[in-house]
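Participant:
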Amino acid sequence: MVAAAERLQPVRGTALADLACGTGSAALAAAEAGAEVTGVDFTPELIAIAAERPGADAVRWVVADASDTGLPDGAFATVVSNMGIIFVEPTSLVAEVGRLLAPGGVFAFSTWVRDEAGSPFFTPIVETLGQPPASGYSPDQWGDLDVVQSRLADRFHDVRFETGSHTWAFDSVESAVRFIADESPMHVDLLGRLDEATRDRLLDAFTAALSAATNAEGRVSFEAPYAVVTARKTG
Numbered sequence: 001m002v003a004a005a006e007r008l009q010p011v012r013g014t015a016l017a018d019l020a021c022g023t024g025s026a027a028l029a030a031a032e033a034g035a036e037v038t039g040v041d042f043t044p045e046l047i048a049i050a051a052e053r054p055g056a057d058a059v060r061w062v063v064a065d066a067s068d069t070g071l072p073d074g075a076f077a078t079v080v081s082n083m084g085i086i087f088v089e090p091t092s093l094v095a096e097v098g099r100l101l102a103p104g105g106v107f108a109f110s111t112w113v114r115d116e117a118g119s120p121f122f123t124p125i126v127e128t129l130g131q132p133p134a135s136g137y138s139p140d141q142w143g144d145l146d147v148v149q150s151r152l153a154d155r156f157h158d159v160r161f162e163t164g165s166h167t168w169a170f171d172s173v174e175s176a177v178r179f180i181a182d183e184s185p186m187h188v189d190l191l192g193r194l195d196e197a198t199r200d201r202l203l204d205a206f207t208a209a210l211s212a213a214t215n216a217e218g219r220v221s222f223e224a225p226y227a228v229v230t231a232r233k234t235g
């Protein structure tokens, strides 16, 4: 995310917010690049993990909703999010990013792209919890360029959309499920909002999907398409 943002403007010596920062990977990378970083996440447990990582003292960590951070208007030159804001209600999220950014500021984030073959990290959610209602939203909607342009049009210009693929690899199904349950920001948040029975059903569904992606040695590996979006605040 930091590299994508820096293609539009340098981050060194400027204020940068990492929204839905999870365990802080993008925030820490931005701090290493010389930015003055604020990392924001709704889940205290993830902020606690982030705050213990090497280099974490260079970041201001805040427990808050990405769509209602309470941070000052126009305080940031750059807002980034690594697979985080895509799980936040989009209308309020885009409004908050626009509020936080100074005029001409840069918004950079990564998003899942719908995979027709199905993703072990996403398909079990739909199969267990169902599709969102027509009026609702789902994270992979941000992986559609038309949706991105529609959502950002009122507040942003120079929208760029670059696609790629990431290989997820784990030593075992058990380690992959631990990552989902304990480390992946969006999964930790989702699982924390479910009752125990539904949570167990969803974890079982993840286990089954990940088991289907194992090799003969029991290692898990699968490709996941993604997109990186950058845009500049209008005005």
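Just so we're aligned: 114 in the UniProt record's numbering is position 114 of the sequence shown, and the numbers increase by one with no gaps anywhere.
Yeah, the Cβ is synthetic: ideal placement off N, Cα and C, and Gly gets one too.
Roughly how many whole angstroms lie between the Cα atoms of residue 158 and residue 232?
Facilitator: Roughly 6 Å separates the two Cα atoms.
Participant: Let's see if you can read the secondary structure: which residues bound the beta strand (DSSP E) around residue 232?
Facilitator: First-last of the beta strand (DSSP E) with residue 232: 220-233.
Participant: What does a CB cutoff of less than 7 Å around residue 21 pick up in its chain, not counting 5 residues either side in sequence?
Facilitator: For residue 21, where only same-chain residues beyond five positions count, the Cβ hits under 7 Å are 27, 39, 40, 41, 50, 84.
Participant: Could you give the uninterrupted runs of the beta strand (DSSP E) lying entirely in the UniProt domain "Methyltransferase type 11" (18-109), keeping only those of 3 residues or more?
Facilitator: With a minimum length of 3 residues, the continuous beta strand (DSSP E) runs that stay inside the UniProt domain "Methyltransferase type 11" (18-109) are 36-41, 59-63, 76-82.
Participant: Let me make sure I understand the geometry here. Which of 208, 8, 189, 155 has the alpha-carbon closest to that of residue 127?
Facilitator: Taking only the C-alpha atoms, the option nearest residue 127 is 208.
Participant: Let me check understanding here. Comparing Cα to Cα, which of 14, 95, 58 lies closest to residue 32?
Facilitator: For the residues 14, 95, 58, the minimum Cα distance to residue 32 belongs to 58.
Participant: Measure the C-alpha to C-alpha separation of residue 123 and residue 163 and round it to an integer number of angstroms.
Facilitator: Looking at the two C-alpha atoms, the distance is approximately 20 Å.
Participant: In the DSSP assignment, find the beta strand (DSSP E) that holds residue 158 and state where it starts and stops.
Facilitator: Note, residue 158: beta strand (DSSP E), 156-170.
Participant: With a 10 Å radius around its C-beta and 16 neighbouring C-beta atoms as the bar for buried, classify residue 151 as buried or exposed.
Facilitator: So residue 151 ends up on the buried side.
Participant: What are the start and end residues of the alpha helix (DSSP H) that includes residue 9?
Facilitator: Element bounds for residue 9: n/a, residue is neither H nor E.
Participant: DSSP state of residue 16, grouped into three classes?
Facilitator: Here residue 16 sits in strand by DSSP.
Participant: How big is the Cα-Cα spacing for residue 221 and residue 165?
Facilitator: Spanning the two alpha carbons is a distance of roughly 13 Å.
Participant: By Cβ distance below 8 Å, which residues in the same chain neighbour residue 195 in space, the five residues on each side in sequence not counted?
Facilitator: Answer for residue 195: no residue qualifies.
Participant: Where residue 11 and residue 3 are concerned, what is the direct C-alpha to C-alpha distance, given to the nearest angstrom?
Facilitator: Residue 11 and residue 3: Cα-Cα distance of roughly 9 Å.
Participant: Between the alpha carbons of residue 69 and residue 81, how many angstroms are there, rounded?
Facilitator: Approximately 14 Å between the Cα atoms of the pair.
Participant: Tell me the DSSP bridge mates of residue 111?
Facilitator: 227.
Participant: Should residue 14 go down as buried or exposed, given a rule of 16 or more other Cβ atoms within 10 Å for buried?
Facilitator: Label assigned to residue 14: buried.
Participant: Residue 114 and residue 140 look like a contact to me (Cβ under 8 Å); what is the Cβ gap, rounded to whole Å?
Facilitator: Contact flag correct, Cβ pair sits at about 5 Å.
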